[in-house]
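Take 148 as the starting number for the sequence shown in the numbering used here and just add one per residue.
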Amino acid sequence: MQGGFTMRMLLTGLCAAGLVAGAALADDLILVVNKGEDTLALVDAETFEVMATVPTGANPHEVYPSPDGRLAYVSDYGGAQGTSVTVIDLDTASATASWDIAPNRGPHGIWVSGDGAHVWVTTETSGTVTEIDAATGEVATVWHTGQAVSHQLIPTPDGAKLYIANIGSGSVTVITRATGDVVSIPTGAGAEGIDVSPDGSEVWVTNRGDATVSVIDVASDTVTATFASGGLLPIRARFTPDGNEVWVSNANSNNVAV
Numbered sequence: 148m149q150g151g152f153t154m155r156m157l158l159t160g161l162c163a164a165g166l167v168a169g170a171a172l173a174d175d176l177i178l179v180v181n182k183g184e185d186t187l188a189l190v191d192a193e194t195f196e197v198m199a200t201v202p203t204g205a206n207p208h209e210v211y212p213s214p215d216g217r218l219a220y221v222s223d224y225g226g227a228q229g230t231s232v233t234v235i236d237l238d239t240a241s242a243t244a245s246w247d248i249a250p251n252r253g254p255h256g257i258w259v260s261g262d263g264a265h266v267w268v269t270t271e272t273s274g275t276v277t278e279i280d281a282a283t284g285e286v287a288t289v290w291h292t293g294q295a296v297s298h299q300l301i302p303t304p305d306g307a308k309l310y311i312a313n314i315g316s317g318s319v320t321v322i323t324r325a326t327g328d329v330v331s332i333p334t335g336a337g338a339e340g341i342d343v344s345p346d347g348s349e350v351w352v353t354n355r356g357d358a359t360v361s362v363i364d365v366a367s368d369t370v371t372a373t374f375a376s377g378g379l380l381p382i383r384a385r386f387t388p389d390g391n392e393v394w395v396s397n398a399n400s401n402n403v404a405v
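Here is the structure:
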């Protein structure tokens, strides 16, 4: 995505971060993690009726569906000491597996590769990114970010690189999967929300402590721009499918900047 950032405000009475962080779309369902109840709620996307509630591991924080919409993968944070990912069958609304990623602790950000073959999860306490074989549930690779509070992650569309927002270090870590190279890029205080443009050319990250958004060029892995987020405590960013807009949720000012 090229060009300037035009700011528009969408005021909302809801915390936009809660909607984006706790929900992911799988076919006609909205998936919502209930951190305090240790469950995943399956909500009808048209009627907003809770269709089922499925037990997970302790203190689930994020969820992401498989590309075919059959499964959901939940990171079980466990008060920063968890070591599991729960696999849920969405057809039967039941947990089918609990994958152990110990000794890595505090699983948080989670994503699935475009072909469904791999699941990636960050661990805040251990400062790692774990790649799991989705067919077997076995840990395939572990990368150390060397940063504090590795929170959210996003892959490039081709899966060649992983970008991780590190809240404690105010940085984004870049992992090149083919070589195993790991580099970190300073962005701003409290780097948290992160997304990649549909064409894979840019990564945008919200810096909640600075109330800014930074743009990273994927080809060079350098910050090309940083600007005000249009609100207070920006904690999530999402591109629209056409790549023409980025929506930023500002939790402490109850608005979404576009």
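Glycine included, C-beta positions come from ideal geometry on N, C-alpha and C.
Cβ separation of residue i and residue j, assumed to be a contact under 8 Å, to the nearest whole Å
i: residue 235; j: residue 201; result: 5 Å
i: residue 268; j: residue 331; result: Actually they do not touch by this definition, with Cβ atoms about 19 Å apart.
i: residue 329; j: residue 341; result: Going by Cβ atoms, the distance from residue 329 to residue 341 rounds to 16 Å, so no, they are not a contact pair.
i: residue 299; j: residue 339; result: 6 Å
In DSSP terms, what residue i is bridged to
i: residue 182; result: Answer is none; residue 182 lacks a bridge partner.
i: residue 364; result: 349, 369
i: residue 234; result: 220, 244
i: residue 433; result: Past the edges of the chain, shown from 148 to 405, lies residue 433, and the structure says nothing about it.
i: residue 341; result: 352
i: residue 309; result: 302, 322
i: residue 137; result: Nothing about residue 137 can be reported from this structure: the residues present for the chain run from 148 to 405 only.
i: residue 388; result: In DSSP, residue 388 forms no bridge with anything.
i: residue 383; result: 396
i: residue 199; result: 189
Residue i versus residue j - alpha carbon distance
i: residue 395; j: residue 258; result: 20 Å
i: residue 358; j: residue 297; result: 19 Å
i: residue 400; j: residue 380; result: 8 Å
i: residue 275; j: residue 210; result: 18 Å
i: residue 196; j: residue 294; result: 40 Å
i: residue 302; j: residue 364; result: 14 Å
i: residue 252; j: residue 193; result: 36 Å
i: residue 398; j: residue 218; result: 30 Å
i: residue 405; j: residue 345; result: 17 Å
i: residue 266; j: residue 272; result: 19 Å
i: residue 279; j: residue 270; result: 13 Å
i: residue 367; j: residue 375; result: 23 Å
i: residue 241; j: residue 198; result: 12 Å
i: residue 327; j: residue 313; result: 18 Å
i: residue 385; j: residue 393; result: 5 Å
i: residue 306; j: residue 237; result: 25 Å
i: residue 179; j: residue 220; result: 12 Å
i: residue 291; j: residue 321; result: 11 Å
i: residue 250; j: residue 383; result: 28 Å
i: residue 333; j: residue 310; result: 13 Å
i: residue 390; j: residue 231; result: 34 Å
i: residue 239; j: residue 189; result: 11 Å
i: residue 277; j: residue 343; result: 20 Å
i: residue 356; j: residue 325; result: 33 Å
i: residue 172; j: residue 254; result: Confidence at residue 172 is low in this model, with a pLDDT of 46, below 50, so the placement of that residue should be treated as unreliable; the coordinate-derived value is given next. The straight-line gap from Cα to Cα measures roughly 21 Å.
Sub-8 Å separation of residue i and residue j beta-carbons
i: residue 362; j: residue 370; result: yes
i: residue 347; j: residue 388; result: no
i: residue 263; j: residue 215; result: yes
i: residue 378; j: residue 402; result: yes
i: residue 204; j: residue 233; result: yes
i: residue 288; j: residue 308; result: no
i: residue 175; j: residue 185; result: no
i: residue 182; j: residue 212; result: no
i: residue 373; j: residue 335; result: yes
Minimum Cβ-Cβ distance from residue i to chain C less than 8 Å
i: residue 363; result: Here there is only one protein chain, and chain C is not present.
*Are three or more beta carbon pairs between the region 313 to 325 and the region 221 to 233 nearer than 8 Å?*
no
*asked:* With three or more beta-carbon pairs closer than 8 Å as the criterion, would you say the region 276 to 293 touches the region 239 to 251?
replied: As far as the Cβ criterion goes, the region 276 to 293 touches the region 239 to 251, which means the pair count is three or higher.
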